[in-house]
Structure formats: C-alpha cells, structure tokens
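K.L.:
Have a look at this one.
Structure, rendered in structure tokens:
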C-alpha cells in the first residue's frame, strides 16, 4: 500500500538496493497503458503481451544503467516502442505500415463511414479506429492521451522532431473528427 | 488575413498559440459558424480521446514477470558457483605446473651448504610434483584436464543458453 505511493525514482532505488519484489509496483503502474500502446501498434493481443513481458525484463536487466537523467516512463516507453518496431520488422509488417501512413488514414475514414459502424458507441468506435491507425500514429495518440506525455517527451521516445509528433497527432485527431462529424454523431456525445 | 486551418485549431486546443494568434482565432470563431462547428467537433474528439480507458493485460502478468526475474537470479548464482569451481580447478592445475617448472629450475642451479635445508625441502616437493607430472602421469593428467575443460565448456554453454531462454520467454 505504502509502496504504491512512492515515485518511480524511489522504487527504482529500492530495487537497485536489492528489493527485487518492489519492481512489481512499477510493473503494475505501467503494464496496462504500455499494453494498450503495444496492442494498438502490433494489432494483436498475444504479441502485445509477449513483447511487453520482454520490455519489463529488459528494463529490469538494464535498471543498473538507468541514471535518472530522464523520467523512467520516457525511458521505459522508448524500450516499448523500439521493441514493437523490432517485432513489426521481424514480421515484415513495418514497411507496409510506414508506406501506408497516409493511405491508411483515408482508408479508415471511408471504412468507418460504412453502415456497419453506424450504431457503434462513440468511445468504442474511436477505440477501434485508434487500434487501426498506423503504428506510429497509434503510439503518439496513446502516449499523448493515455500516458499524458508532452510532445517533447513523445519526440524523445520516438526519436523524431517535436514538429513531426504534432503533425502525427493533429492528423490522427482530424481523422477521428472527420469520421464522427460526417456520421452526425456529435449530438449524441456528452 | 490569415486562413484558419485545422492546424491552428489543433494548436488552440493544445494551448500552443501566442496570445495574438489566440485572439485572432477566437474572434474568427465568433464570426464564423462553420469554423465554430469544426472547432467544436475537434474539441469533442479531443474529449473522447482523453476519456478512453486503457486495455488490461492478463491477471497474472506481473506475477509471471516476477517469477522469471527470480528464476534468473537463481540461475545467475548457479553460474557464478560453477565458474568459481572451474576456475579453482584450473588454478590448482596451473599452480602444479608452475611448481614443477620452479623445481626444475632449482635443480639446475648449484647451492651452498647454508641453503642445504631449503634445498632438501624443495627437493621433496619437487620430487612429488616431478612424479605427478612425470612422463608416466603427464598423458593421464593431460587427458583429464582436456576432459574437464570440455565438460566445463559444455555446461557453461548450456547454463548460459538456458538462462537466456528463461529470461527472454
């Protein structure tokens, strides 16, 4: 109970001192949000959980090299993002995802304007669309809204410019707006 | 006059506009119902995105990771013990070889009477190692050493492979 109130830095220091079990607090703190990001990037629950497990083990293994210069969350999400890219790359899906960034957004717009999705709940619909966004867009949206990272932190994780992060974020947000707006569902919201 | 595009509206939502830009966009919003509609839609999309709940991993996820970490700790300590044993064994053998060489060097030198006791003592040790590493036993020792090295190498490789597998899956 008390451990859960500690900061990431305090928990890491405790783990480094040999209190191995305290690492479970960090796992509980990040597992669901990181899983959500991986699931959206990899489009697969099983792969997402497997990669996430590897990420937590990698982070634990490299905890001694963590110098507290960056936030643990940023450092950990970099591991998560890079592991997801490696997984995508090994499955030869990365190229397709990178190439289809623009096309996918247009495809998604037309797909979710179809009759099949008319009766979908808005939050469910948005969740579905995010799950189908290209990997990088999905990662940016998840980190920005779920983990509440700043655009600077996201750029640090993704190793891209802040301007690029903003472009990706705005595009994704615009796409979702277009779909909802065109479907005249806005009146039902709130 | 500057056009109000989606980028500006997004930046307004993220509070990234300068006060001048913000005032301009807000005044445009008041004067243009279409623009206001676009902005409201974006604002509501932003609200929806903020309220999406994360997905959940399986119930025993944390437990599984902690088990793997504990298991890795045990394997690491086993590896350390194993390495200490192998290195000790090799150390003893190397010490024996060095002692034998030392004995050979002492034997080849002339000693004065004052050093007789030391010479006798070193001769005793030397004889022992000479017998141990003599022509008769050398091939047996060589074979034993090679065998130990091979077995050690195999187990070391196996331990490392095993621990790597345990840690990555």
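Protein chains in written order, with my numbering: chain L, 1 to 190; chain W, 1001 to 1169. Cβ atoms here follow ideal geometry from the backbone N, Cα and C, with glycine treated the same way.
1. Using only the alpha-carbon positions, how far apart do residue 62(L) and residue 181(L) sit?
2. Out of 55(L), 18(L) and 77(L), state which residue places its alpha-carbon closest to the alpha-carbon of residue 64(L).
3. Apart from the five residues just before and just after residue 153(L), which ones in its own chain have a Cβ nearer than 6 Å to its Cβ?
4. What residues in its chain sit with their C-beta under 6 Å from that of residue 1160(W), if we drop five residues either side in the sequence?
5. For the ligand HEM, any of its heavy atoms closer than 8 Å to the Cβ of residue 1006(W)?
6. Determine whether the Cβ of residue 87(L) lies closer than 9 Å to any Cβ atom of chain W.
7. Quick check: what's the CA-CA separation for residue 71(L) versus residue 1073(W)?
8. Our contact map puts residue 1100(W) next to residue 1129(W) with C-beta atoms below 8 Å; I'd like the distance itself, whole angstroms only.
9. Would the beta-carbon of residue 170(L) fall within 9 Å of that of residue 1034(W)?
10. DSSP state of residue 1053(W), grouped into three classes?
11. Between the segment 9-16 of chain L and the segment 1034-1049 of chain W, do at least 3 Cβ pairs fall closer than 8 Å?
12. So residue 1107(W) is in the alpha helix (DSSP H); what residue range does that whole segment cover?
13. With a CB to CB cut of under 8 Å and the five nearest residues on each side skipped, what residues in its chain are close to residue 1044(W)?
14. Given residue 151(L), which residues of its chain have a CB within under 8 Å of its CB, disregarding the five upstream and five downstream residues?
15. Considering just the uninterrupted stretch of the alpha helix (DSSP H) at residue 1003(W), what are its terminal residues?
P.N.:
Quick answer:
1. Taking the first chain and counting its residues from 1, the one referred to as residue 62(L) is at position 62. Taking the first chain and counting its residues from 1, the one referred to as residue 181(L) is at position 181. Rounded to the nearest angstrom, the two C-alpha atoms are 46 Å apart.
2. Here the question's residue 64(L) lines up with position 64 in the first chain. The residue from 55(L), 18(L) and 77(L) with its alpha-carbon nearest to that of residue 64(L) is 18(L).
3. As a working mapping, residue 153(L) is identified with position 153 in the first chain. Hits under 6 Å: 74.
4. Translated into the one-based positions of the second chain, residue 1160(W) becomes position 160. Nothing listed; no residue qualifies.
5. Looking for the ligand HEM in the displayed structure turns up nothing, as the structure carries no ligands at all.
6. Walking along the first chain from the start, residue 87(L) turns up at place 87. Nearest CB-CB separation between residue 87(L) and chain W: not below the 9 Å threshold.
7. Sequence index remark: in the first chain, residue 71(L) carries index 71 (1-based). Sequence index remark: in the second chain, residue 1073(W) carries index 73 (1-based). About 26 Å.
8. Numbered from 1 along the second chain, position 100 holds the residue referred to as residue 1100(W). Numbered from 1 along the second chain, position 129 holds the residue referred to as residue 1129(W). Separation of the CB atoms of residue 1100(W) and residue 1129(W) is rounded to 4 Å, and the pair is thereby assigned contact status at 8 Å.
9. As a working note, residue 170(L) is residue 170 in the first chain. As a working note, residue 1034(W) is residue 34 in the second chain. The answer is no: Cβ separation not under 9 Å.
10. Within the second chain, numbered from 1, the residue matching residue 1053(W) stands at position 53. Note: residue 1053(W) maps to coil in three-state DSSP.
11. Contact annotation: the segment 9-16 of chain L does not touch the segment 1034-1049 of chain W, with fewer than three C-beta pairs closer than 8 Å.
12. Taking the second chain and counting its residues from 1, one reaches residue 1107(W) at position 107. Note, residue 1107(W): alpha helix (DSSP H), 1061-1108.
13. Your numbering for residue 1044(W) matches position 44 in the second chain. Result list for residue 1044(W): empty, nothing under 8 Å.
14. Position 151 of the first chain, counted from the first residue, corresponds to residue 151(L). Contacts found: 144, 162, 165, 166 and 169.
15. Counted from its first residue, the second chain places residue 1003(W) at position 3. No residue range can be given for residue 1003(W), since it is assigned to no alpha helix (DSSP H) and is classified by DSSP as neither H nor E.
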